[in-house]
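Those protein sequence lines, which keep their order, are chains A and B.
When we follow numbering that gives the first Met the number 0, the leftmost residue of the first sequence carries the number 0, and every step to the right adds one.
When we follow numbering that gives the first Met the number 0, the leftmost residue of the second sequence carries the number 0, and every step to the right adds one.
The beta carbon of each residue, even a glycine, is placed where N, CA and C say it ideally should be.
Everything numeric in this text was worked out from a predicted model, so none of it was measured.
Okay, structure first, notes after.
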Amino acid sequence: MYVDILGNVKDNIYILGIESTSHTFGIGVVEYNVREKSLKIIANEYDRYVPMKGGIHPREAALHHTRTAPQVLRKALERAGIKIKNINAIAVALGPGLGPCLRVGASLARFLASYYKLKLIPVNHAVAHIEIGKYLFNFKDPLIIYVSGGNTLIAIQKNKKYRILGETLDIPLGNLFDTFTREIGLSPPYVIDGKHQIDICAEWGKEFIPLPYTVKGSDLSFSGLLTAALIQAKEYKNNKEKLGNICLSLRETAFNMLVEVAERSLVLTGKKEVLLVGGVASNKYLREKLIAMTRVHGAKYAGTPPEYAGDNGAMIALTGFLSYIYNIHIEPEKAFIRQRWRLDEVELPWLPN
Amino acid sequence: MATQLVNVFDKGAESVIIQGELLGKKIIVKYRVKKPYRHPKFDEIFRKTRTKTEAKILSELYMNKVNVPAPLIVDLKNSIIIMEHIEGQKLSDLIEYMDIEELKTTAYQLGLQTGIMHSLNIYHGDLTLANILVNKSNKKIYIIDFGLAGYSRDIEEYAIDIHLLRRSILALAPDKLDVFMEKFIKGYSESYHGNVHEVLQRVEEIRLRGRYVEERLKKKMLRDKYIE
């Protein structure tokens with residue numbers, strides 16, 4: 000796949016990726032094997048910060064990252080079976096994300112790069128989510144649906160950039176579910192055994208109730224839906240079945256909105272592949288809806304598996320590798336974090352179109 | 000009523016478009032199909048309300064001489080609208096091959112049409128390049144697909160129309176954005192009755208509302224100064 004650019008490379012290439020944009024501190028390592036001409040993920044270790052109450056507290060999360068960073072790094076290197084001096088470059092997610100959390104990863108990356116005299120590669124977190132999905136399923140030019148706690152958007156690649164066709168105008172989909180379950184007293188924890196609280200709550204319900212449905216062209220708005228659902232939930236605080244009905248309808252409405260704009264974008268662009276990435280990609284109901292939708296239009300569908308759907312270091316390492324072969328790197332003293340770094344700002348020379 | 004259905008003309012995101020003939024005139028049958036991913040109850044409400052809005056707004060716009068297909072027959076129970084057939088190609092297919100003069104006139108025409116529509120307190124709700132037809136022979140442009148349209152006096156809705164148009168160009172032909180928008184705004188200012196400046200300001204506001212827009216962060220400027 001990367002043979003033409005890497006023509007005269009003699010040794011294997013190892014890239015270490017650091018992820019610390021939000022609740023996860025993760026380190027991953029990828030290996031480019033010269034003999035086999037293949038790219039493999041050889042380590043993907045992480046530690047997730049789970050709040051005792053409320054949502055993510057940036058300072059608490061950053062503290063968690065600082066405490067677990069050495070351990071995660073050691074584990075990742077052990078799993079990969081390499082020493083730090085074998086590594087060719089350090090990739091780090093510099094944004095978008097929470098400032099205090101980003102700083103932990105950036106500090107570690109700057110230290111490793113300057114102490115071991117390695118190249119430092121800046122990676123956009125959103126790009127990394129997409130690249131790992133494309134890598135896992137060998138997709139070349141998909142319609143991208145990126146849904147997580149921080150993003151809800153639909154994008155395609157065009158002129159060496161990811162272009163956003165539609166996105167949320169207020170809160171992201173993951174945030175909607177998290178906030179709702181928190182406000183009605185179910186979360187934290189937000190996820191139990193890989194199942195989100197909203198899905199657990201939805202199992203109690205049977206009936207669908209109408210909730211606000213806000214689609215503006217290819218853009219979405221979830222804040223009105225959240226408010227309406229919360230008002231109804233307040234009335235039925237102790238009624239498990241009624242609460243279940245609200246969860247069920249909230250999820251159904253939110254997913255219908257997303258699938259509708261995805262479908263419109265699919266028809267508009269005529270793409271043949273649909274790729275679901277980001278934390279919410281592990282939700283089986285969204286997956287079912289998207290499979291049903293793509294089947295109608297004869298497009299291939301794939302969603303990143305849970306292991307790589309949430310934030311992880313492997314995706315940063317993988318995107319770091321792509322940047323590495325195109326010689327993208329920065330000086331450690333200029334590696335500032337960027338809390339706001341939109342997906343469509345990043346120029347990506349490896350995109351085919 | 001001799002109705003002759005010819006073929007499936009286009010498969011849109013939410014409907015099947017069938018071409019046909021009615022009393023010797025070319026027509027389009029727009030049938031909103033059931034969606035396998037939607038709960039049946041939602042699906043029914045959905046298709047009904049969207050068909051109703053579209054028919055209502057199409058007729059109002061047509062009577063006010065906006066370039067839209069004339070609605071002929073509406074069947075709410077089955078979510079079907081039969082309307083006039085428009086000769087033309089989607090702007091999304093044409094934009095990449097248009098020369099600069101063609102692009103300018105198209106943008107200007109579209110600006111004019113959108114201005115008239117907004118003056119009637121109607122917003123389109125999905126004003127993207129795929130919903131604009133261009134007739135190459137008489138150079139007329141037509142706006143189609145009013146499923147997400149509605150009535151509102153809020154300039155927010157008008158601004159969203161322009162924002163969606165802008166973003167759709169940015170996704171499909173980013174290098175043509177500036178020329179297109181300049182002419183569009185020229186046409187829009189000529190036909191829109193309200194305060195154009197206010198609408199355009201809101202468009203900019205909506206763009207900045209997107210997630211992780213760095214311009215929103217004033218501190219960035221301070222930081223850049225510091226680096227230098």
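Non-local beta-carbon contacts of residue 26/B in its own chain, meaning distances under 6 Å to residues more than five positions away in sequence, involve 19, 81, 84 in chain order. Residue 251/A belongs to the set of residues whose beta carbon lies under 8 Å from a beta carbon in chain B.
In the three-state reduction of the DSSP assignment, residue 275/A falls in the strand class.
Taken in chain order, the unbroken stretches of alpha helix (DSSP H) that lie wholly in the segment 289-345 of chain A and span 4 residues or more are 305-308, 312-324. When C-alpha distances from residue 76/A are compared across 63/A, 241/A, 41/A, 226/A, the shortest belongs to 41/A. When secondary structure is reduced to three states using DSSP, residue 166/A falls in the strand class.
Not a single C-beta of chain A is nearer than 8 Å to the C-beta of residue 145/B. With its beta carbon at least 8 Å from every one in chain B, residue 97/A lies outside the interface. Residue 147/A carries a coil assignment under DSSP once its states are collapsed to helix, strand and coil.
At a cut-off of 8 Å between C-beta atoms, residue 179/B does not count as an interface residue with respect to chain A. Between residue 175/B and residue 198/A, the alpha-carbon positions lie close to 45 Å from each other. The residue among 80/A, 181/A, 296/A with its C-alpha nearest the C-alpha of residue 233/A is 181/A. In terms of CA proximity to residue 12/A, 35/A leads the group 130/A, 35/A, 72/A. With respect to residue 219/A, residue 135/A sits apart: the two C-beta atoms are not nearer than 8 Å. Counting only Cβ-Cβ distances below 7 Å, residue 155/A has contacts in chain B at 170, in chain order. Judged by their CB atoms, residue 170/B and residue 102/A are not nearer to each other than the 8 Å cut-off. Burial is judged here by how many other beta carbons sit within 10 angstroms of a residue's own beta carbon; residue 304/A has fewer than 16 and is exposed. At a cut-off of 8 Å between beta carbons, residue 41/B contacts chain A. Among the residues facing chain A, residue 14/B is not included, as its CB has no counterpart in that chain under 8 Å away.
124, 125, 126, 127: these are the residues of the segment 104-127 of chain B whose beta carbon lies less than 8 Å from some beta carbon of chain A, given in chain order. Counting C-beta atoms within 10 angstroms of its own C-beta, residue 274/A has 16 or more neighbours from the protein chains shown and is therefore classed as buried. Beta bridge pairing from DSSP links residue 70/B with 82/B.
The shortest CA-to-CA distance from residue 193/B to any of 22/B, 56/B, 116/B is the one to 116/B.
Look at the segment 278-292 of chain A: the residues with a C-beta under 8 Å from a C-beta of chain B are 287, 288, 289, 291, 292. Residues of chain A whose Cβ lies closer than 7 Å to the Cβ of residue 93/B do not exist; the shortest such Cβ separation is about 14 Å. Straight-line spacing of the CA atoms in residue 289/A and residue 300/A works out to 8 Å. At a cut-off of 8 Å between C-beta atoms, residue 158/B does not count as an interface residue with respect to chain A. Every alpha helix (DSSP H) of 4 residues or more that sits fully in the segment 74-123 of chain A is shown, in chain order, as 98-114. Residue environment analysis places residue 270/A among the buried positions, since at least 16 neighbouring C-beta atoms fall within 10 angstroms of its C-beta. A direct Cα-to-Cα measurement between residue 183/A and residue 201/A gives close to 13 Å. Residues of the same chain with a CB within less than 7 Å of the CB of residue 100/A, apart from the 5 flanking positions on each side, are 19, 20, 21, 57, 60, 61, 64 in chain order. The beta-bridge partner set that DSSP reports for residue 49/B is empty. Per the C-alpha coordinates, the member of 145/A, 319/A, 317/A positioned closest to residue 279/A is 145/A. For residue 254/A, the enclosing alpha helix (DSSP H) stretches over residues 239-268. Its chain contains 22 as the residues whose beta carbon lies nearer than 6 Å to that of residue 55/A, once the 5 sequence neighbours on both sides are disregarded; these appear in chain order. Closest in C-alpha terms to residue 207/A, from the list 74/B, 75/B, 204/B, 44/B, comes 44/B.
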